[in-house]
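Reading the sequence shown from the start, the letters are residues 1 to 943 in full-length UniProt numbering.
Quick reminder that beta carbons are idealized off the backbone N, C-alpha and C, glycines included.
These notes are about the structure you will find just below.
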Amino acid sequence: MSYTSSAETLNMETLNVLRSRKAIKATNVSQGTAGTTSPEIKIIKAQLKVAQLGEAKLQTRVKELEDQVEEFKALPAQLAALKAQVENSNPAVDTDLASIREDIKSMKEQQQQQAMKCDTVEVAIKTAIQPEIKRIDALRTEHIKTQEGMSKKLEASQSLCEDLNKRNLPGQLLALQNNVKDLSNTIHTTGQKVTDHDSGLKYLRTDIDNLYDDVREYIGPIKRSYTDANKTTVIERIESQEEKLRAFRKEQEYLSGEQKKLSTKVDSLPADPTDSMSKRLGDMENIVSSLGEDTQQLANRVDILEAVPATSVLAASSTDNEQLNKAVDSLKTRVSDSENILKRVQDNQLEQQSKNGLIQALQSEQARLSNEHVEIVGQIEKVCSEQESLANEQNALHTGRTKLSDEQTTISSALESLNDRVSASEKILEQIEPIKCEQAKLAGAQNKINDRVTKLETAPRQAVARQSTVGDSTHVSFDIENIQQRLCSVEDRIDGEGGLAKIIDAVQDDCDRIENQVHNNSQDIEMCESNFAAIFEKNFDPFKAAVEQQLAELSQSITHHSESLARLRDRVAEQRTASQASGLTAAQLATLTSVVHDTVVLSQAVAGLQNSVKNEADTRDTVVQDLKEQLASKQDTISATQATDTVKAAVRNLQDQYNNITTEDLHAKIVHWFLQQYPSTPANLVHQVADLQHEVARLRDLTSQTSWDPRYTQVLIALAQIGPQLQALVQSPSGSDGSPETLAKANEALTTLKEALTKSQRETEGLTRTVGALQTSMHALNSSNTPFAKTESIAALQQSMITLQADIKATLTEEHRARNELAAKVDTEHNDRVKAEDSIVHAMNGRLEELENGKIKAASERVESLQHALTKVCADLDEMHDKFLTPTNKVLFSRLPTLFVVTGQLQDLLESLNQNLPKGPLDFTWHHDFNADLGAVPAPQAD
């Protein structure tokens, strides 16, 4: 503002001086005679007009300089705007870094949440297992109670048998005198019947042996097929699983090779164009520093020019002729100088026009660059939209991955439930151990039965032997009842609620469900892989081509700018040589200021270009990072599919083993065979046992009735011998003398004999009935529906159960070993995956640190260097402005009005001289008419 006010005061002073001098000139003209003007005065007037023209041009140039000074004053505001833009861009960078750090924190939190989920799943599994454990404990206590009750019942039955054996209930037989012979005949017939029964027992033994042979022939092929199935399925399936694992490993190696190829291709791409851009920015910074040096040199030269002492332009006084002559001589020299100056001004105008054209070209180039910048921003927005779509797809993949992890947790829980059920089956096997002990007891009881049968075969034909066989048969009946109860309990444990069959069915259902889930997961994974390849080909290749095209355009624009800067440098050098040859003029100062302004504009454009390149590099880095994360997620999906496949293989192996373990088919076949061979039902067996018990009771009565035979056989023989004598005594003549005592004795003997005969008749009838019952019982023993045959079949069943238990134990140990191997493999794969994730996180952190310490730091340093260069240029301009307003320049500016007046007077003088030429006036036009600007120009003072 001070500069403009001083300029306005100078203009007013010059106008006042010119008006006063014009008035003086008018008075001089009126005093002089017309047509008597000397030629020297006309020349002086012409020179004054020329000087006035030069002064007007200088004034216009001063105005232009003032406008340029105003533009220089606007530079700090522009620099502040640039600084504000830089400060506005810094929060965006900080937010990006914060978002990256939050993503890393979210990944760590997700890992912690997964660990917490695993803990909760383990707790849930434990809580789910607790009811099963309690139920098994309850079953165990019930089993122990039933064993104790059975042992008490066995002890009671044994005490009852001992009591029956100790008891002896002999009967009394009376008066068998008349039926001795019949009794002997019946005894003989009973002996024959016993021999017949012995032969029947032999035939029964042969039938039992044949039955054993049939059982062996039937169960042998079943056992061989079962063992063959156990031998073939497990080994072959393990080998098939190993082959699948090899194939999966080969596929994993192929995918890792493809990933390495992709990473090499991505690395070969110009994914980090900041290196080449850093070189170009360094060149631009060198150019700006060279321009600063040039401006410094120009400022030094202006100081040198200003240090030159200014010569007086006009003569101090016009009072005497000598001074006027000196002034005229000086005016002549100055007119010649002014002509030279006019030529130079014309040349400068041409150069200014060329520079204006160059400035217009630079402005058009700047407009084109701005348009390109707008296009680049649009393309960046497109890339951002594509990146958002890729982010959405990545989120979809992430949700799929979470689903896979959830399904994996369900599979792991199912595996743990399978392990629990296997442990439950092992506990059931432990519960089978006491059943084995009971079977051993049954075998001992069966051996006792066999011994008693042999005793029946070898026993003497006496009632005592019969009594012992009766006790044995009762014991056998009790043993048979116990065996039936135990068989029913075993069948209830196998087929009842919570039995082994239902457990195996539940395991089978779980295996089928897990297999379906794994199949669906494999389909989803294959779909994701195919979609990922299509998305990658659809989006990444156009993005790559667009980025390469943008980089090529940027490189072309940068080369174009470098060429324009080279041209500017050449022109500055030309201007420098011209200024050295002919000194520095106002036009040259204007060109220098315009060049400085252009350099400032170019530095701003370079800063904007640098920011756009930086943003483009950041977007490319984010896109590449997203692609790497997608590749890592694909690797995770591959590892997840491998883990699910291994789990699938293990579950199938378990399923096959449990299919081999199940005994439903074998049990059904055995039951069917028993029903075909022994069509009697359990109800008929109960009735038969009841009948046998009734027959045993009758035999017991028979033994009590016939227990007198060993003691009274001699009495019967003696009676048979004296029988004729007794008859003779009865038939003796009536006339014979007999004492009354003898008669009384004979009557008593007869009555007793009659009573004994009737009693013996009743006994013989009972014996015939008991012998018939014995015949029917022996016939029942000879038949195939007897309990003895069933005891033999039970023994065979026990043997088959023992072999089956051994096979189950072997398969369970093999399954336990395969389960341990599977757990080890799963642990190793989990550790490998954790290591891979740790390496990826480490690489991401390293890349983030490189970005924070490398590229962002370098960009900030470059921005700071550019800001420093701009502040330096502004300081140089301020210094030039201050130097331009030095006291010498102020003196020159104060003398400018007089110069304008003198040039106007010279212009008038030249016109008057032209009018007074002897050959007529010359036709010419002034480039600038000072008289028109100044109004009345004062006439020069005459001598």
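{"Asked": "Neighbour-count burial assignment, Arg862, 16 or more Cβ in a 10 Å radius", "Found": "buried"}
{"Asked": "Rounded straight-line distance, which links the Cα of Thr409 to that of Thr399", "Found": "15 Å"}
{"Asked": "Three-state secondary structure assigned by DSSP to Phe924", "Found": "coil"}
{"Asked": "Near the ligand FAD: Arg571 beta-carbon under 6 Å from a heavy atom", "Found": "As presented, the structure is devoid of all ligands, the ligand FAD included, so that no description of it is given."}
{"Asked": "Reduced DSSP secondary structure (H/G/I, E/B, other) of Asp645", "Found": "helix"}
{"Asked": "Stretch pair the region 913–931 + the region 36–55: three plus CB contacts closer than 8 Å", "Found": "yes"}
{"Asked": "Ranges of the beta strand (DSSP E) found wholly within the region 70–110, counting only runs of at least 3", "Found": "none"}
{"Asked": "Rounded distance between the beta-carbons of Glu55 and Leu910, thought under 8 Å", "Found": "15 Å between Cβ atoms; not a contact."}
{"Asked": "Option in Gln85, Arg368, Arg817, Thr925 with minimal Cα separation from Glu864", "Found": "Gln85"}
{"Asked": "C-alpha distance - Leu139 paired with Asn210, whole-angstrom precision", "Found": "40 Å"}
{"Asked": "Where Lys919 falls: helix, strand or coil (DSSP)", "Found": "coil"}
{"Asked": "Distance, Leu65 Cα to Asn392 Cα", "Found": "59 Å"}
{"Asked": "Nonlocal neighbours in the same chain, by C-beta distance under 6 Å from Lys250, ignoring five residues either side", "Found": "none"}
{"Asked": "Contacting residues, own chain, Cβ-Cβ under 6 Å from Leu822 (five flanking each side not counted)", "Found": "Ala650"}
{"Asked": "Leu82 versus His830: straight-line alpha-carbon distance, rounded", "Found": "53 Å"}
{"Asked": "Per-residue DSSP class, three states only, for Asp509", "Found": "helix"}
{"Asked": "Assigned exposure category for Ser839 - 16 Cβ within 10 Å defines buried", "Found": "exposed"}
{"Asked": "Span separating the alpha-carbon of Asn611 from that of Asp645", "Found": "50 Å"}
{"Asked": "Anticipated Cβ contact below 8 Å, Leu53 with His928, distance rounded", "Found": "4 Å"}
{"Asked": "Residue burial classification, Asp923 (beta-carbon count within 10 angstroms, cutoff 16)", "Found": "exposed"}
{"Asked": "Of the listed residues Gln47, Asp406, Lys134, nearest to residue 963 (C-alpha basis)", "Found": "Only positions 1 to 943 of the chain appear in the structure, and residue 963 is not among them; the question remains open."}
{"Asked": "Within 7 Å, strictly: CB atoms of Lys49 and Gln907", "Found": "yes"}
{"Asked": "Under 7 Å between C-beta atoms of Thr903 and Ala51", "Found": "yes"}
{"Asked": "CA-to-CA distance, Arg61 to Phe900, given in whole angstroms", "Found": "14 Å"}
{"Asked": "Option in Lys105, Arg513, Gln799, Asp807 with minimal Cα separation from Ile670", "Found": "Gln799"}
{"Asked": "Pair within 7 Å by beta-carbon distance, Gln870 and Leu79", "Found": "The question names Gln, yet the displayed sequence has Leu at residue 870. Yes, Cβ-Cβ distance for Leu870 and Leu79 is below 7 Å."}
{"Asked": "Helix, strand or coil at Asp929 according to DSSP, with G and I counted as helix", "Found": "coil"}
{"Asked": "For Pro131 and Thr141, the rounded distance between their alpha carbons", "Found": "15 Å"}
{"Asked": "Residue closest to Thr811, alpha-carbon to alpha-carbon, out of Asp656, Asp832, Val826, Ala836", "Found": "Asp656"}
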